[in-house]
Amino acid sequence: MSGNNGLWLLFDNNLAYFFVLLVIFSALPSHAITSQSFQVAATIANGCVVSGGSLFGTLDFGTHPSNANGNFNASLTPNTSLTLGCTPGTALSMSINGGNNYTSSRNVKQSGFTTLLPYLLYADNAHTIPIGLNQNVSVSYSNSNNIIIPIYGVLQLNGANNPSGTYTDLLTVTLSW
Numbered sequence: 547m548s549g550n551n552g553l554w555l556l557f558d559n560n561l562a563y564f565f566v567l568l569v570i571f572s573a574l575p576s577h578a579i580t581s582q583s584f585q586v587a588a589t590i591a592n593g594c595v596v597s598g599g600s601l602f603g604t605l606d607f608g609t610h611p612s613n614a615n616g617n618f619n620a621s622l623t624p625n626t627s628l629t630l631g632c633t634p635g636t637a638l639s640m641s642i643n644g645g646n647n648y649t650s651s652r653n654v655k656q657s658g659f660t661t662l663l664p665y666l667l668y669a670d671n672a673h674t675i676p677i678g679l680n681q682n683v684s685v686s687y688s689n690s691n692n693i694i695i696p697i698y699g700v701l702q703l704n705g706a707n708n709p710s711g712t713y714t715d716l717l718t719v720t721l722s723w
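Position in the sequence shown (first residue = 1) + 546 = my numbering.
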């Protein structure tokens, strides 16, 4: 039995060392970091977004006889699939080029003919704020998620026998903020 006592003593001493080391290491302070924080930030900049559709809308002066004389008014009918929204408080302005038929004024023209019919653009229904060629005009709005571009036109017919047909022009609106 004395042979077994030595094995038991060796096992007993190893077990004792294990428990001593366990007590020593468990008493040492732990240096592991269990949590850490990080910062989250976002910046919202002033700006605008145009989404959906490709044309702002249509300015349709209607149908008139070839010898009509006078001024005929129209307002832009917005494209309902297009939306314009801006960060609230963003100062928005627009400018409009001369279109495809510009000479000394904007004109509509019938395809295949040289006859030009002049028209003027305004930024208000009372026709007191003209929209000159590439001139910046302020756009005011009350709903920043659904901004309507204010464009009004006056077609100037002079009573000449203009060829019948559809007269068109294509303008480019540039928005700035």
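Cβ atoms here follow ideal geometry from the backbone N, Cα and C, with glycine treated the same way. These numbers were taken from a predicted model, which means no experiment stands behind them.
Practice task
Just mark V595 as buried or exposed, buried being the case when its beta carbon has 16 or more other beta carbons within 10 Å.
Solution key: exposed
Practice task
Tell whether a beta-carbon distance below 8 angstroms holds between V685 and I695.
Solution key: yes
Practice task
Look at the alpha carbon of K655 and the alpha carbon of N647, and state the distance between them as a whole number of angstroms.
Solution key: 7 angstroms
Exercise for the section: Use the C-beta contact count for N708: other C-beta atoms within 10 angstroms, 16 or more gives buried, fewer gives exposed. Expected result: buried
Problem - Residue environment, G711, which counts as buried when at least 16 other CB atoms sit within 10 Å - result: exposed
Practice task
Check the DSSP bridge columns for G645 and list the partner residues they point to.
Solution key: Answer by DSSP bridge pairing: none, since G645 is not bridged.
Exercise for the section: Closer than 6 angstroms by C-beta to F607: which residues in its own chain qualify, once you throw out the five before and the five after it? Chain order, please. Expected result: F618, A620 and L701
Practice task
Consult DSSP for Q702 and reduce its assignment to one of helix, strand or coil.
Solution key: strand
Practice task
With a cut-off of 8 angstroms on the beta carbons, I'd call T629 and G603 a contact; round off their distance for me.
Solution key: Between G603 and T629 the Cβ distance is about 12 angstroms, and since that is not below 8 angstroms, they are no contact.
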